[in-house]
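Worksheet for the structure shown next.
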Amino acid sequence: MPLLDVLRGVAILGTLGTNIWIFASPEGEAGPLIGSAGAATDATPIGAVFELLTNGKFLSMLTVLFGVGLAIQFRSSEKRGRRWPGRYHWRALFLFVEGTIHFTLVFAWDVLMGYAVTAVIVAWILKGSKRIQNAAMWTALGLHLAVMGLATAALAATSGPESTDTKDIQAIYASGSWLDQVAFRLDNVLLFRIEPIVTFPLLVFLFLLGVKLMRAGAFAADDAGRALRRRLLVWGLGIGLPVNVALMAGPDSLFLLERYAAAPIVMLGYVGLIGLLVEHVRRGPVTAALEALGRTALSGYILQNVLASAICYGWGLGLAARFGTNPWFVAGLWLAISAVLLVGSRLWLRRFANGPAEALQKAVLR
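Going by the working numbering, the first residue of the sequence shown is number 1316, and it counts up by one from there.
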């Protein structure tokens, strides 16, 4: 299914479109907790465009695609008559260890740890009947919306965050060593892991949604798949984008609903739109590069964070301290790293069958 590879490639680049503002923030990875990373996107037209197009959308897409992968492995296990989850626990454990290393050494807002835990839970849900799976899926969504609603009400009732002296934090990212950043992540591990904890019901819902879309044929190159993708396009963008714009225009207390409620709806529209483009646009170097990045998605995800860290932080080139407040620098950095990922993944697959992280995973599990 070439569409799945393209979607994975787009999701990796889109996730970077959100994270790049974190790397460029003076407070680095602490920016989302303090609010500086969000303020940077709101302050300029370029930042607002990035926020509208990327914030939460591609994280949701990546999560759905992990669910699609889980559905594919479940189907493969059934065809071969193997016990389920069986060996899948080892795959999830490897992903969790990989995510822990990535969190500690590279990027505090790693998604792999949360995906690994969610994958184990959803793998067991798939052993149940369709009724159980649907009940788990919609219960998770209801719980998530309730949590987001209560959190939004709590934020609206407060007077706003108190001003915080961030000079020490800025020094860690502007002039501190790589080990200083590692220690900072470990000292604040619960704060940096708050997103997958609070949004765990959303992760379960999106994983199961990916399973449901896969089984419904949403990624197949047939008439039924095309019809389903057209519906996703119309409903996802028709409902999601106006709601997203309205939430962006509202008070800051609505940012949770923007990122974790409206964004997944827009994401479904993106799936339909990308499917339409893949179907009607002639396959060229851009499509081939996106497919290559999709086939090496895990390696690309890790590499983009390593490159952004080395370029932005003080232990590397330290460019964030000099140019991070310039939105053109942030946009250009996203474009440059995206180009490296697209070209690099295609060149890599000319010599190797898998990306380096994917090859390591296969070797260890084998």
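Glycine residues also receive a C-beta, built at the ideal position from the N, C-alpha and C atoms. From a predicted model like this one, the values you see are computed outputs, not experimental measurements.
Got a sec, what are the start and stop residues for the alpha helix (DSSP H) residue i sits in?
i: residue 1472; result: 1445-1472
i: residue 1392; result: 1372-1394
i: residue 1653; result: 1642-1666
i: residue 1507; result: 1504-1507
i: residue 1418; result: 1403-1420
i: residue 1637; result: 1634-1638
i: residue 1481; result: Premise fails: residue 1481 is in no alpha helix (DSSP H) and is neither H nor E.
i: residue 1359; result: Looking at the DSSP string, residue 1359 is not in any alpha helix (DSSP H), and its letter there is neither H nor E.
Out of curiosity, what's the CA-to-CA distance linking residue i and residue j?
i: residue 1369; j: residue 1335; result: 11 Å
i: residue 1666; j: residue 1593; result: 26 Å
i: residue 1572; j: residue 1405; result: 35 Å
i: residue 1375; j: residue 1578; result: 7 Å
i: residue 1333; j: residue 1362; result: 10 Å
i: residue 1519; j: residue 1600; result: 35 Å
i: residue 1429; j: residue 1640; result: 31 Å
i: residue 1505; j: residue 1511; result: 11 Å
i: residue 1682; j: residue 1433; result: The requested residue 1682 is not part of the displayed model; the chain covers only 1316 to 1681.
i: residue 1586; j: residue 1549; result: 11 Å
i: residue 1343; j: residue 1644; result: 15 Å
i: residue 1607; j: residue 1469; result: 44 Å
i: residue 1525; j: residue 1382; result: 5 Å
i: residue 1533; j: residue 1542; result: 8 Å
i: residue 1338; j: residue 1320; result: 26 Å
i: residue 1367; j: residue 1562; result: 10 Å
i: residue 1668; j: residue 1529; result: 25 Å
i: residue 1464; j: residue 1590; result: 32 Å
Assign residue i to one of three DSSP states: helix, strand, or coil.
i: residue 1677; result: helix
i: residue 1567; result: helix
i: residue 1534; result: coil
i: residue 1614; result: helix
i: residue 1428; result: helix
i: residue 1441; result: coil
i: residue 1550; result: helix
i: residue 1344; result: helix
i: residue 1492; result: coil
i: residue 1423; result: coil
i: residue 1514; result: coil
i: residue 1669; result: coil
Can you have a look at residue i and say buried or exposed, based on whether 16 or more other CB atoms are within 10 angstroms of its CB?
i: residue 1467; result: buried
i: residue 1559; result: buried
i: residue 1449; result: exposed
i: residue 1454; result: exposed
i: residue 1256; result: Missing from the structure shown is residue 1256; the chain here goes from 1316 to 1681 and no further.
i: residue 1316; result: exposed
i: residue 1689; result: Nothing about residue 1689 can be reported from this structure: the residues present for the chain run from 1316 to 1681 only.
i: residue 1580; result: buried
i: residue 1391; result: exposed
i: residue 1447; result: exposed
i: residue 1377; result: buried
i: residue 1326; result: buried
i: residue 1402; result: exposed
With 8 Å set as the bound, which would you pick, yes or no: does the beta-carbon of residue i sit closer than that to a beta-carbon of chain D?
i: residue 1519; result: Protein chains in the displayed structure number just one, and chain D is not present.
- Message: Pairs of beta-carbons, one from the segment 1549-1558 and one from the segment 1489-1497, closer than 8 Å: are there three or more?
- Response: A contact between stretches requires three or more CB pairs, one per stretch, nearer than 8 Å, and the segment 1549-1558 fails this requirement with the segment 1489-1497.
- Query: Is there contact here, the segment 1595-1611 with the segment 1406-1417, by at least three beta-carbon pairs under 8 Å?
  - Reply: These segments do not touch.
- Message: Under 8 Å, with one C-beta from each stretch per pair, do the segment 1673-1680 and the segment 1390-1401 reach the 3-pair mark?
- Response: Using a Cβ-Cβ distance cut-off of 8 Å, the segment 1673-1680 and the segment 1390-1401 are not in contact, since fewer than three pairs of beta carbons, one from each stretch, lie closer than that value.
- Check whether the segment 1561-1576 touches the segment 1614-1631, counting contact only when three or more Cβ pairs, one atom from each stretch, lie closer than 8 Å. Contact check between the segment 1561-1576 and the segment 1614-1631: fewer than three CB pairs, one atom from each, fall below 8 Å, which does not count as touching.
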